[in-house]
Amino acid sequence: MSEASVPRPSRRRLLLLAPLAAAAAAGAGFYAMLRGLSTGSYDPKGVPSALIGKPVPDFTLPPLEGADLPALSAADLRGGERPVLVNFFASWCVPCVIEHPMLMRLAKQGVPVFGVAYKDKPADALGFLRKHGTPYAKLAADQPGRVAIDWGLYGVPESYLIDRQGIIRWRWAGPLTEDTLTQELLPLLKRTA
Amino acid sequence: MRRVLAALRDAAAPALRAGLGALAAAWLLATPVLAAVSDPAEMLRDPAQEERARVIGRELRCMVCQNQSIEDSDAELARDLRRIVREQVSAGRSNTDIMGYLHDRYGDFVLLRPPVKPETYLLWGTPVIALGLGLAMIVAMRRRRAANPAPQPDLSAAERARLRSIEDGSGT
Amino acid sequence: MIPELGHFALALALALSFAQVGLGLYGAQRAEARLMAATAPVAAGILIAVGAAFLCLVWSFLSNDTTVANVVQNSHSAKPWLYKISGTWASHEGSMILWVLILALCGGAVAGFGSNLPSALQARVLAVLALIAAGFLGFILATSNPFDRVWPPPADGQGLNPILQDPGLAFHPPLLYLGYVGFAVTYAFAIAALIEGRVDAAWGRWVRPWALAAWSFLTLGIALGSWWAYYELGWGGYWFWDPVENASLLPWLAGCALLHSAIVVEKREALKTWTVFLALLAFGMSLLGTFLVRSGVLTSVHAFANDPERGVFILALLGIFIGGGFLLFAWRAAALTPTGVFAPLSREGALVLNNLLLCSIAAVVLVGTLYPMFADLMLKEKISVGPPFFNTATLPLAAPLIGAMGFGPMLPWKRARIFPAVQRLWWAALLALGGFLLCLALEGYRIGPALGFAAALWAIGAALADVADRIALFSRPRAAWSRARGLPRAAWGGALAHAGLGVMILGLAGMGLATDRLALLKPGEATTLAGLEYRLTGIRTVPGPNWTARRATLEVRDGDRLVTVLEPDKRSFTVNRMTTSEAAIHTTWVSDLYAVLGEERDGGAVIRLHHNPLAPWIWLGGAIMALGGGLSLSDRRVRVSAPSAKVARAGARA
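Quick look at the structure:
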């Protein structure tokens, strides 16, 4: 090249390396995201709950008409003897059907599961439970969906684990699966029990 | 629109992905954007209050949609949140209070304007950082030029003459 | 049979591309004239092979060949023929074929029109383009083959997502890809320059038309997409700062900076390293968009079906092309000798300011788009970065850019004084101030739109002042016509593009004054918006080719005069059981009357009406900008051949 070129300060060299360094860092990040996508540790769709570690919001809900189960209020979740799972569901929600056997299994194992029928007609919700079984020890109806918003719910199904002090410890948005149960919920239940 | 919530949940559950193959193959997973006409009854009578509710609503993310504000979506949850915003506006609560109410329930994710905090300093600092770095580069370049006077461009005299003849008529 | 031929043609194109890479790079390095001469025919061969594959896919769609999985997933026999063709590129696989086809077209153009390039430069450019083609052909063949068969074939296809069945969207991807892929050519020129270690005025002259062409197509593509969103999505929005929209804006911003800095290289032989960097960046941003849309790392309304495996493949391609490009840059760019000192106040100084501001805006858009993903990955923080952020963060950078845009073309090269420019621009400033005050007076205290009108009038006024000054309209009005005819098209193009931006801002400012009305109307009832009366006269069912619609009829009256009849649809598509709303839009150019049909209930229907002042000017402005780019492109000077003495030198230098 040109003979006129004088030794350049190394700062220019560093500057010329900057794009490569930035691209490499971004590339490593993207690779970690792709890895996370396949292992499930990175999920662009998932949204964490803002209520983790906070006490359950104040609420009182009416019982689900015709279910003959006690209704649910914040008082039922504070100072209980065992951790409780609160499950929001609806008869019109397809994934709720899929997670239902998991709830039934938890109930059979003696985990108290409380249900909230979200934006559902009582008759529809009852039909759903008649068909798939009732895992719930207490069952409330949130037809306007307002209490659900106090819980930070953004869809159904959603399940919340409440410890004995009435603190929300864990939230699962989407259907509970075998993996969720064994890898997340059951160990947590052991720890909070 | 309830179905939309359910459909989104379907998409979120890896176990159900296969069943959605047909939908996923389409270019746009656009179900939630289609319906933007909502209920006239939910609007506030007072235009000033309605305008304020919209300003707030445009700052809040529709949690089940993708990058849409609650004002732009007809998802069930967006409707509920719009209603809450309007109730609180007509109850005379301040914009900060109303956004705080939803922030308490849904966290930072609900705010389309990320809050300024250590985790977002870099984001909010970008315009200043970019301008500053650029200016520093320009200043450094000018210093360097001043220190090392420009070497002759390695064009032959004939090339330069030719270049000049091409540039003729350029008026600039 | 036809799909297998297409599959074979892809494999052939891959083989030819690999051959081209060796041929071009080795030939140029060894200065083997015969090897270099072979690159142009091979580029034509790649184009023919990819073109054949594309036609095979189009044929499969047109004949509704349900043994092809891609056809089954994206088409249906009842679909109008236009959407059968556009269905070819509506899917991930098909759009990749279109992408590679356009890349092959660019290669063909460099081979065909590049005979005035030094042969070593041409050979290297073609080799780099072939390397990119090879990467993406490999990607298609390995992970996204559109010719995969299904057996037994289903009776018919599943149809195309109805909101994609629209003329605007049929042409949106090809235009967008012409832009993205056009930057592959400037990228290839940059790589070739880095290999040769030489960037000079001639290089700037060769790169600029490609940057201009790519940028103009991208402008058109983005404008068309925005227009489509406006009329199809049904709530009158036109830009949402969605990650995928941002992904198209990033190469546009980088390309816009590139075509300005290439002027400095051409005229002053300065900013060489920077221009090479921008050429790498513009294509890098195009590739980044491809990765973001197709890998599943983000959620967007526009994202394709996501597959991490594909994502890893594209990321590897990004590593080769962006990483490789920047590696070469770090290694070789120091060899590019900077020349020319310039004063801050000069044409080149203004162009540097333009680059500084455009790149800062690009940085904001890039960081804002990627921040939620990286915050999630590294800080486990879920945050949203939405329109309020982007508006707040880009506006303070865009405002000085528009301000400086008026002065730039007025400043002479090398050293300028501000006073003569101010002297010629005072009336544009007065116009802007007038617009600002008029808007405040008419519309009340609405500072945003008022500033928008001021900026728009400033940009348009300054562009007019620029032309008036160049043709000496006021100083020697008699000679003005002949001077106007003699003015280079690049000058006209530049002024036109700047005025186009002003027109677009005028539209954006007008949309800031938009009003709307939501009403439940029974047939016979009316509501008013912006002084017009909208009366619902009836709702009826209308059959379409592959849908049935409920169609409302609204008569719009200004007093007693019938302005127009609006007929918004709500269409139900039988095949995918989806509904879309088709807004009815009547434009007077001063404003759009926009109606959407919502739910029907209680014997009436919910009607949403929008009154959007100056809305069409947004896309008109985009079209004018693209036209300005095209006009510059047609300038004799950008096509003129460079000194032929360079041919031998460039070859020897390598």
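Residue numbers (my numbering), protein chains in the order written: chain A, 1 to 193; chain B, 194 to 365; chain C, 366 to 1019.
Yeah, the Cβ is synthetic: ideal placement off N, Cα and C, and Gly gets one too.
What did DSSP end up calling residue i once you bin it into helix, strand or coil?
| i | result |
| --- | --- |
| ARG915 (chain C) | strand |
| ARG563 (chain C) | coil |
| LEU636 (chain C) | coil |
| THR432 (chain C) | coil |
| SER73 (chain A) | strand |
| THR893 (chain C) | strand |
| LYS1021 (chain C) | No information on residue 1021 (chain C) is available, as it lies outside the stretch 366 to 1019 that chain C covers here. |
| TRP170 (chain A) | strand |
| TYR140 (chain B) | Residue coverage of chain B in this structure runs from 194 to 365, which leaves residue 140 (chain B) outside it and unanswerable. |
| GLY799 (chain C) | helix |
| GLY364 (chain B) | No answer about GLY364 (chain B) holds up, because its pLDDT of 40 lies below 50 and its placement is not dependable. |
| SER956 (chain C) | strand |
| VAL6 (chain A) | Confidence in VAL6 (chain A) is poor, its pLDDT being 47 and thus under 50, which makes the residue's placement too unreliable to answer from. |
| TYR118 (chain A) | strand |
| SER41 (chain A) | coil |
| MET738 (chain C) | helix |
| ASN756 (chain C) | helix |
Among the options, whose alpha-carbon lies nearest the alpha-carbon of residue i?
| i | options | result |
| --- | --- | --- |
| PHE642 (chain C) | C:LEU598, C:TRP604, C:ARG697 and C:PHE678 | C:ARG697 |
| THR734 (chain C) | C:ILE748, C:LEU744 and C:LEU721 | C:ILE748 |
| ILE52 (chain A) | B:ILE277, B:GLY300, B:VAL257 and B:ARG286 | B:GLY300 |
| VAL475 (chain C) | C:THR880, C:SER509, C:LYS887 and C:GLY547 | C:GLY547 |
| PRO19 (chain A) | C:VAL961, C:GLY872, C:TRP778 and C:GLY684 | C:GLY684 |
| THR913 (chain C) | C:ALA398, C:LEU502, C:THR939 and C:VAL717 | C:THR939 |
| ALA507 (chain C) | C:ILE904, C:CYS471 and C:MET461 | C:MET461 |
| ALA499 (chain C) | C:LEU377, C:LEU577 and C:ILE767 | C:LEU377 |
| ARG146 (chain A) | A:LEU126, A:TYR118 and A:ALA137 | A:TYR118 |
| LEU645 (chain C) | C:SER613, C:ALA557 and C:ALA769 | C:ALA557 |
| ALA173 (chain A) | A:LEU126, A:LEU181, A:ARG164 and A:PRO157 | A:PRO157 |
| ARG279 (chain B) | B:THR319, B:ARG338, B:ILE291 and B:LEU270 | B:ILE291 |
State buried or exposed for residue i, treating a residue as buried only when at least 16 other CB atoms are found within 10 Å of its CB.
| i | result |
| --- | --- |
| MET743 (chain C) | exposed |
| LYS131 (chain A) | exposed |
| ILE783 (chain C) | exposed |
| TRP846 (chain C) | exposed |
| SER711 (chain C) | buried |
| LEU807 (chain C) | exposed |
| ALA193 (chain A) | exposed |
| GLN261 (chain B) | buried |
| LYS632 (chain C) | buried |
| MET738 (chain C) | buried |
| ASN87 (chain A) | buried |
| THR902 (chain C) | exposed |
| LYS449 (chain C) | buried |
| GLU713 (chain C) | buried |
| ALA844 (chain C) | exposed |
In whole angstroms, what is the alpha-carbon distance linking residue i and residue j?
| i | j | result |
| --- | --- | --- |
| LYS45 (chain A) | ASN526 (chain C) | 22 angstroms |
| ASP565 (chain C) | GLU634 (chain C) | 6 angstroms |
| SER10 (chain A) | VAL407 (chain C) | 42 angstroms |
| PRO765 (chain C) | GLY751 (chain C) | 23 angstroms |
| ALA535 (chain C) | GLY993 (chain C) | 24 angstroms |
| PRO63 (chain A) | ALA74 (chain A) | 14 angstroms |
| LEU979 (chain C) | ALA695 (chain C) | 47 angstroms |
| ARG966 (chain C) | PRO122 (chain A) | 24 angstroms |
| ARG850 (chain C) | ASN611 (chain C) | 39 angstroms |
| TYR596 (chain C) | GLY817 (chain C) | 23 angstroms |
Subject >> Where the region 152 to 163 of chain A meets chain C: residues whose CB sits under 8 angstroms from a CB there >> reply: none
Subject >> Residues from the region 587 to 601 of chain C in contact with chain A, defined by Cβ distance under 8 angstroms >> reply: none
Original post:
the region 493 to 514 of chain C: which residues have C-beta closer than 7 angstroms to a C-beta of chain A, in chain order?
Top reply: none
Original post:
Just by C-beta distance, which residues in the region 25 to 38 of chain A are closer than 9 angstroms to chain C?
Top reply: ALA26, GLY27, GLY29, PHE30, TYR31, ALA32, MET33, LEU34, ARG35, GLY36, LEU37 and SER38
Subject >> Members of the region 139 to 152 of chain A near chain B, C-beta cut-off 9 angstroms >> reply: PRO144, GLY145, ARG146, ALA148, ILE149, ASP150, TRP151 and GLY152
Original post:
Between the region 820 to 854 of chain C and chain A, which residues of the former have a C-beta closer than 9 angstroms to a C-beta of the latter?
Top reply: none
**OP:** Would you list, in chain order, the members of the region 723 to 752 of chain C that have their beta-carbon closer than 9 angstroms to a beta-carbon of chain B?
**Re:** CYS724, SER725, ILE726, ALA727, ALA728, VAL729, LEU731, VAL732, GLY733, TYR736, PRO737, ALA740, LEU744, GLU746, LYS747, ILE748, SER749, VAL750, GLY751 and PRO752
Original post:
Name the residues in the region 607 to 628 of chain C whose C-beta lies less than 7 angstroms from a C-beta of chain A; which are they?
Top reply: none
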